[in-house]
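Worksheet: one structure, shown below.
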């Protein structure tokens with residue numbers, strides 16, 4: 002498996018963490034990381050599950066497809082007494098023409114302490130940074146764990 006290389010992103014201006022321009026570069030990095038897991042992201046139109054030995058099953062489903070965007074849900078499912086709980090439960094928007102991925106929403110009450118801390122950001126730009134940094138790091142982790150959502154590797158399955 003090759004490493005993710007988003008260091009080749011050439012920002013069009015100088016940016017600093019927490020800034021709007023930095024956030025757009027983060028969206029571009031998210032796109033590259035998602036592409037490593039889902040090479041056919043532009044054609045994706047169903048549900049897929051990635052199963053690897055040392056991690057929870059990764060579930061991806063299409064929520065909505067529009068002309069230039071797709072809205073996806075990316076999650077793990079954890080069994081609970083009352084059914085299954087999705088966590089992290091991220092809704093992401095893929096901007097196909099701009100080659101960007103934005104974490105639109107995520108669960109505010111996560112099962113894991115570190116995810117709860119990230120979700121506590123208060124200002125909108127800070128919330129977007131927190132959601133998208135979480136997505137960026139999670140996509141990196143998923144890649145490192147060996148997850149793949151490509152058609153030839155992933156099993157197409159329904160979410161619990």
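Numbering (our numbering), first residue to last: 2 to 161.
Here a beta-carbon is modelled for each residue, glycine too, at the ideal position from N, C-alpha and C.
Report all residues from its chain with a CB closer than 6 Å to the CB of residue i; omit the five preceding and five following residues, and keep chain order.
| i | result |
| --- | --- |
| residue 96 | 70 |
| residue 98 | 69 |
| residue 57 | 77 |
Tell me which residues share the same chain as residue i and place their Cβ nearer than 7 Å to its Cβ, disregarding the 5 neighbours each side in the sequence.
| i | result |
| --- | --- |
| residue 136 | 31, 91, 93 and 104 |
| residue 40 | 151 |
| residue 144 | 5, 34, 37 and 38 |
| residue 157 | Since pLDDT at residue 157 reaches only 45, below the 50 mark, its modelled position is unreliable, and the value read off the structure follows with that caveat. Within the same chain, residue 157 has close Cβ partners 47, 48 and 49. |
| residue 140 | 31, 34, 35 and 38 |
| residue 42 | 35, 36 and 95 |
Any idea which residues DSSP pairs residue i with across the strands?
| i | result |
| --- | --- |
| residue 100 | Its beta-bridge partners do not exist; DSSP assigns none. |
| residue 144 | None, per the DSSP bridge assignment. |
| residue 78 | 87 |
| residue 63 | 73 |
| residue 106 | 92 |
| residue 51 | 59 |
Do residue i and residue j have their C-beta atoms closer together than 7 Å?
| i | j | result |
| --- | --- | --- |
| residue 151 | residue 51 | no |
| residue 29 | residue 73 | no |
| residue 134 | residue 53 | no |
Cutting at 8 Å between CB atoms, please list the residues of its own chain near residue i, excluding the five before and the five after it.
| i | result |
| --- | --- |
| residue 21 | 126 |
| residue 19 | 126, 127 and 130 |
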